[in-house]
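Please read the structure below before turning to the comments.
Numbering (the working numbering), first residue to last: 1114 to 1407.
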């Protein structure tokens, strides 16, 4: 890709590494403000070209995205004599660490934070000339990572063929997200992933069912109804609770009064039947007990 300014004055190396500061390691030959302006222009244009080549609705690489993320971007320029004038950009490779939940061959979920390939683009007119291999190999050396330990975000068929041809990466471990990992991803990693425990199968939820805690509370109350006689309040309060209440300057707390089981059952038997039930039994309702509706 060609630009209106001299690429060789802002990118002094064949491959330049950029981070969120957008400043190359070697100082450009133009002013800082002019270099920043030109670098932002390069990033925006190559990001649009990559999105167009991948048929994406919007670019995933831009100057603003680089400034707000901890990513590394490697730019490859053409150093041949024919471009000695202004130079041109051949392509770029963007990588970054991301926390992912990946599946191994057994289907177990593993939490890992691998280096991910986020965007990779070589200009269409310069593909199949070895530039992609040069750029990718440079990134592996700088980041000190093995190809099988990478995770690739939505790779194209062309990119998968590239990895197969140059790095023998062909056995894909299926995932449920957009990332692709290969056989060997979990072997000899510098930071091994953390295996997550399997999800416990959820049992059937029955309506109006009592939880274990509710059953224990109910059983405790029934035991109290059967065996607890005790003294009337406030004499039923323990000495410690009385002393504590007095020390705080407040009256003792009245406990909850729970009727005895036999009294409660007896009260249910002596309740007056409903008027509809009495009518069904042929009983006459006392007119004095009727509610006035007019």
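Don't be surprised by glycine CBs; every beta carbon is placed ideally from N, CA and C.
Rounded C-alpha distance that separates residue i from residue j
i: residue 1216; j: residue 1222; result: 5 Å
i: residue 1234; j: residue 1160; result: 9 Å
i: residue 1274; j: residue 1253; result: 18 Å
i: residue 1224; j: residue 1214; result: 5 Å
i: residue 1239; j: residue 1156; result: 18 Å
i: residue 1218; j: residue 1299; result: 10 Å
i: residue 1122; j: residue 1232; result: 25 Å
i: residue 1133; j: residue 1248; result: 20 Å
i: residue 1269; j: residue 1276; result: 11 Å
i: residue 1267; j: residue 1291; result: 5 Å
i: residue 1142; j: residue 1162; result: 26 Å
i: residue 1170; j: residue 1220; result: 32 Å
i: residue 1289; j: residue 1131; result: 31 Å
Close beta carbons around residue i, own chain, < 6 Å, minus the five adjacent residues each side
i: residue 1265; result: 1230 and 1293
i: residue 1137; result: 1129
i: residue 1279; result: 1246
i: residue 1296; result: 1284
i: residue 1115; result: 1201
i: residue 1211; result: 1229
i: residue 1258; result: 1228
Three-state secondary structure (DSSP) of residue i
i: residue 1157; result: helix
i: residue 1296; result: coil
i: residue 1205; result: strand
i: residue 1247; result: helix
i: residue 1282; result: coil
i: residue 1270; result: helix
i: residue 1115; result: strand
i: residue 1222; result: strand
Check whether residue i and residue j have beta carbons under 8 Å apart
i: residue 1227; j: residue 1262; result: yes
i: residue 1237; j: residue 1164; result: no
i: residue 1189; j: residue 1203; result: yes
i: residue 1207; j: residue 1184; result: yes
i: residue 1187; j: residue 1251; result: yes
i: residue 1126; j: residue 1139; result: yes
i: residue 1118; j: residue 1168; result: no
Sequence-distant residues of its chain with Cβ nearer than 8 Å to residue i (five each side left out)
i: residue 1135; result: 1149, 1152, 1153, 1156, 1176, 1179 and 1180
i: residue 1182; result: 1133 and 1209
Contacting residues, own chain, Cβ-Cβ under 7 Å from residue i (five flanking each side not counted)
i: residue 1124; result: 1137, 1188 and 1190
i: residue 1256; result: 1208 and 1228
i: residue 1146; result: none
i: residue 1120; result: 1190, 1199, 1200, 1201 and 1202
i: residue 1302; result: 1262
i: residue 1282; result: 1260, 1261, 1276 and 1295
i: residue 1192; result: 1127
Next item on the list: Report the residue ranges of all alpha helix (DSSP H) runs contained in full by the stretch 1124-1200; include only those spanning at least 4 residues, in chain order.
Entry: Here the runs fully enclosed are 1145-1167 and 1176-1180.
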